[in-house]
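The structure under discussion appears below in the form of structure tokens.
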Amino acid sequence: MEAEVEAERQRAESREQETRAGADVIHLAAGVGAARRMGGAAAAGGTGGGAGGGPGGGTAASGRSAAEQWARRERGWGAPGAGRAGAETREAEAGRGRQREAESGAEAEAETEARSRRQEAEAEAEAQRAEARQAEAEAEAEAEAEAEAEAETEAEASGVQGAAGAGRKGA
Numbered sequence: 302m303e304a305e306v307e308a309e310r311q312r313a314e315s316r317e318q319e320t321r322a323g324a325d326v327i328h329l330a331a332g333v334g335a336a337r338r339m340g341g342a343a344a345a346g347g348t349g350g351g352a353g354g355g356p357g358g359g360t361a362a363s364g365r366s367a368a369e370q371w372a373r374r375e376r377g378w379g380a381p382g383a384g385r386a387g388a389e390t391r392e393a394e395a396g397r398g399r400q401r402e403a404e405s406g407a408e409a410e411a412e413t414e415a416r417s418r419r420q421e422a423e424a425e426a427e428a429q430r431a432e433a434r435q436a437e438a439e440a441e442a443e444a445e446a447e448a449e450a451e452a453e454t455e456a457e458a459s460g461v462q463g464a465a466g467a468g469r470k471g472a
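Take the position in the sequence shown, starting the count at 1, then add 301; the result is the number in this note's numbering.
Now the structure itself:
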């Protein structure tokens with residue numbers, strides 16, 4: 302029972318981690334989108350000025366690149382150009398791997414606990430059988446002692462009667 306509860310707790314924790322990881326991805330994607338929009342606004346502003354078009358365009362491009370690099374560093378996605386989809390896949394697979402490990406660990410723990418309970422039950426049953434054998438042996442010994450005592454009592458009684466009978470004959 303406790304193993305089942307622990308397994309369920311670990312599954313819930315794993316789901317929570319996956320949900321948190323998904324929320325982080327959404328948050329970072331929103332940050333990248335905002336940076337792109339800001340960069341695009343700078344580009345639009347730059348091109349509107351005619352001569353200012355060059356710097357505006359440069360700001361937009363560098364804004365996207367910096368935002369993407371920041372997002373990758375935050376999530377540990379590695380070198381620039383390592384696509385977000387690949388990182389999400391790796392992250393999801395890692396989450397599933399952790400969940401599988403937790404579940405297999407919980408199953409192994411449940412099996413160990415069941416084996417332990419089985420051994421305890423067998424030991425308890427053996428102890429009860431030993432007590433029953435001991436009680437049976439004591440009952441047999443007591444019955445034999447009672448039978449011997451009864452036999453002695455009968456022997457004494459018949460011996461007294463025999464002695465009394467012999468005394469009459471002799472008189």
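Every residue gets a Cβ at the ideal spot worked out from N, C-alpha and C, and that includes glycine.
Sorry if obvious, but does the Cβ on residue i come closer than 7 angstroms to a heavy atom of the ligand SAM?
i           : result
residue 302 : This structure lacks the ligand SAM; in fact it carries no ligand of any kind.
So, under 8 angstroms CB-CB, residue i and residue j are touching, yes? Tell me the CB distance rounded to an integer number of Å.
i           : j           : result
residue 304 : residue 414 : 5 angstroms
According to the Cβ coordinates, are residue i and residue j closer than 8 angstroms?
i           : j           : result
residue 396 : residue 307 : no
residue 322 : residue 421 : no
residue 311 : residue 409 : no
Considering only the alpha carbon of each residue, which of the options lies closest to residue i?
i           : options            : result
residue 315 : 399, 367, 394      : 399
residue 309 : 411, 366, 371, 367 : 411
residue 302 : 418, 451, 443, 317 : 418
Given this structure, state the Cα-to-Cα distance separating residue i from residue j, to the nearest angstrom.
i           : j           : result
residue 435 : residue 426 : 14 angstroms
residue 472 : residue 438 : Below a pLDDT of 50, predicted positions are generally treated as unreliable, and residue 472, at 49, falls in that range; the measurement from the model is reported next regardless. Looking at the two C-alpha atoms, the distance is approximately 51 angstroms.
residue 431 : residue 459 : 42 angstroms
residue 433 : residue 423 : 15 angstroms
residue 449 : residue 455 : 10 angstroms
residue 457 : residue 445 : 18 angstroms
residue 390 : residue 401 : 16 angstroms
residue 453 : residue 428 : 37 angstroms
residue 405 : residue 442 : 55 angstroms
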